[in-house]
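Novice:
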Amino acid sequence: MCQYITTQQKCDERRADEKVLISRNYRGDIDMGVVEKFMPLLMEKEEEGMLTPILQTTECTFSYIKYNNLYIVSTTKKNANIALVFVFLHKIVQANANGNVLRSEIVGAIKMRVYLSGMPELRLGLNDKVLFESTGRGKSKSVELEDVKFHQCVRLSRFENDRTISFIPPDGEFELMSYRLNTHVKPLIWIESVIERHVHSRVEYMIKAKSQFKRRSTANNVEIVIPVPADADSPKFKTTIGSVKYAPEQNAITWTVKSFPVC
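FYI, in UniProt numbering the residues of the sequence shown are 1 to 263.
1. Buried or exposed, going by whether 16 or more other CB atoms sit within 10 Å of the CB of PRO169?
2. State the start and end residues of the unbroken alpha helix (DSSP H) segment that holds PRO40.
3. How is the alpha helix (DSSP H) around ARG163 delimited, first residue to last?
4. Tell me the rounded alpha-carbon separation between ILE241 and PHE150.
5. In the DSSP assignment, find the unbroken beta strand (DSSP E) run with MET177 in it and report its ends.
6. Going by alpha carbons, who is nearest to PRO229 out of PHE213, GLN212, GLU204?
7. In this structure, does DSSP put ARG158 in helix, strand or coil?
8. Taking buried to mean at least 16 other C-beta atoms within 10 Å of its own C-beta, is TYR67 buried or exposed?
9. Going by DSSP, which residues form a beta bridge with ARG103?
10. Count the C-beta pairs between the region 184-195 and the region 215-224 that are closer than 8 angstroms, then say yes if the count reaches three, no if not.
11. Roughly how many angstroms lie between the CA atoms of TYR71 and PRO261, to the nearest whole one?
12. Following the continuous beta strand (DSSP E) through ASP147, name the residue where it begins and the one where it ends.
13. Does the distance from the CB of TYR179 to the CB of LEU145 come in under 8 angstroms?
14. Could you tell me if PHE159 is buried or exposed, where buried requires 16 or more neighbouring beta carbons within 10 angstroms of its beta carbon?
15. Tell me whether GLU249 sits in a helix, a strand or coil according to DSSP, three-state version.
16. Which term fits MET177, buried or exposed, when burial requires 16 or more other beta carbons within 10 angstroms of its beta carbon?
17. In whole angstroms, give me the CA-to-CA distance for ASN182 and GLU105.
18. By Cβ distance, which residues of its chain are closer than 8 angstroms to GLN212, with the 5 residues on each side in sequence left out?
19. Hey, how far is the Cα of ASN251 from the Cα of GLY125?
20. If you reduce the DSSP assignment to three classes, tell me which class GLY28 lands in.
21. Quick check on GLY33: does DSSP put it in helix, strand or coil?
22. Determine the closest residue to LEU192 out of HIS200, ILE226, SER166, LYS214, with distance taken between C-alpha atoms.
23. Along the beta strand (DSSP E) that carries PHE213, what are the first and last residues, could you check?
24. What residue from VAL34, GLU121, GLY49, GLU196 has the CA that sits closest to residue 266's CA?
25. Starting from PRO227, follow its DSSP beta bridges and name the residues at the other end.
26. Could you give the DSSP three-state label for GLU59: helix, strand or coil?
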């Protein structure tokens, strides 16, 4: 097994220069020069839209984490123990016609993809409000989990005693837990609409979308669905960003923005 810290500098759209800053070979069973295949493989998968945190070749497996233009890369040839954790958060906000928020909550899920040898016991910690109160820690960064549901591999007795999520994971992908946070959240993207009705059954929609997230953040693959009457015919669109299409099977117009900036 080898570990590298590399830097990437893009020279053009199809090529990148790679420089290894730090490297270490733990077992001596992999040629240190194999890292030269990492960046071309990464760019190839990125262009194909098949980029994953783990890349495989006939010689070895790459596992990597990106931070700015730095990559922390691990290569392994065999006996690889890999567990990926995916966290999904869905903000649900309902607002009335006047813009007042009627309902606000977050629905979350933790999914894992596990390929571990043997039957190791894993433990997961959360900033759970009950845990923080029992240990005497501050509540400023704690959250109150509701409607918590666990996979059958989780030891419920351990969680009830000390709020530790202890489990022996099955192989493959599974949902470890799901939960809900009943808290006030600000919509990431706020939508405003103005509807004007004209003669001859013509209707004009003006839709404005405003981001409400941090300046350094960007929302990718944003879809805004605007319902329209079932008898809508020959719609025309004009947008300052993204693309719009009519979906008659949904009685809706879909506005798609691949990269939604702060505005």
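Note that beta-carbon positions come from the ideal geometry of N, C-alpha and C, so glycine has one too. As the structure is a computational prediction, the values presented were derived from the model and not from experiment.
Specialist: So, from the data block:
1. As a first step, residue 169 is located in the sequence shown; it is residue number 169 there, counting from the start. The residue is buried, with at least 16 neighbouring Cβ atoms inside 10 Å.
2. In the sequence shown, the residue the question calls residue 40 occupies position 40. 38-47 is the span of the alpha helix (DSSP H), which, as asked, contains PRO40.
3. For this step, residue 163 is matched to residue 163 along the sequence shown. That residue, ARG163, is in no alpha helix (DSSP H); it is neither H nor E in DSSP.
4. Translated into positions along the sequence shown, residue 241 becomes position 241. Translated into positions along the sequence shown, residue 150 becomes position 150. Cα-Cα distance, rounded: 41 angstroms.
5. In the sequence shown, residue 177 corresponds to position 177, counting from 1. Where MET177 is concerned, the enclosing beta strand (DSSP E) stretches over 172-181.
6. As a position in the sequence shown, residue 229 is number 229, starting the count at 1. Of PHE213, GLN212, GLU204, the residue nearest in Cα terms is GLU204.
7. The count along the sequence shown starts at 1 and reaches residue 158 at position 158. ARG158 falls in the helix class under three-state DSSP.
8. If you number the sequence shown from 1, residue 67 lands on position 67. It is exposed - the Cβ of TYR67 has fewer than 16 other Cβ atoms within 10 Å.
9. Counted from its first residue, the sequence shown places residue 103 at position 103. DSSP output for ARG103 lists GLN94 as bridge partner(s).
10. yes
11. Position 71 of the sequence shown holds residue 71. Position 261 of the sequence shown holds residue 261. Between TYR71 and PRO261, the C-alpha separation is close to 25 angstroms.
12. Along the sequence shown, one-based indexing puts residue 147 at 147. Residues 146-150.
13. Numbered from 1 along the sequence shown, position 179 holds the residue referred to as residue 179. Numbered from 1 along the sequence shown, position 145 holds the residue referred to as residue 145. Contact flag set, yes.
14. On the sequence shown, residue 159 is found 159 positions in, with the first residue counted as 1. By the 10 Å Cβ count, PHE159 comes out buried.
15. Numbered from 1 along the sequence shown, position 249 holds the residue referred to as residue 249. Correct three-state label for GLU249: helix.
16. Within the sequence shown, residue 177 is the residue found at index 177, counting from 1. MET177 comes out buried.
17. On the sequence shown, position 182 is the one that residue 182 refers to. On the sequence shown, position 105 is the one that residue 105 refers to. So the two alpha carbons sit approximately 5 angstroms from each other.
18. Along the sequence shown, one-based indexing puts residue 212 at 212. If we look at GLN212 and ignore the five residues flanking it on each side, its Cβ neighbours are LYS186, PRO187, LEU188, ILE189, TRP190.
19. What you label residue 251 is simply residue 251 of the sequence shown in a count that begins at 1. What you label residue 125 is simply residue 125 of the sequence shown in a count that begins at 1. Roughly 44 angstroms between the two C-alpha positions.
20. Position 28 of the sequence shown holds residue 28. If DSSP states are grouped into helix, strand and coil, GLY28 belongs with coil.
21. Taking the first residue of the sequence shown as position 1, residue 33 is located at position 33. Correct three-state label for GLY33: helix.
22. On the sequence shown, position 192 is the one that residue 192 refers to. Before going on, a small fix: residue 192 reads as Glu here, not Leu. The shortest Cα separation from GLU192 among HIS200, ILE226, SER166, LYS214 belongs to ILE226.
23. Taking the sequence shown and counting its residues from 1, one reaches residue 213 at position 213. Segment: none, PHE213 is in no beta strand (DSSP E) and carries neither H nor E.
24. Missing from the structure shown is residue 266; the chain here goes from 1 to 263 and no further.
25. Within the sequence shown, residue 227 is the residue found at index 227, counting from 1. In DSSP, PRO227 forms a bridge with ALA252.
26. What you label residue 59 is simply residue 59 of the sequence shown in a count that begins at 1. The answer is coil: DSSP assigns GLU59 none of H, G, I, E or B.
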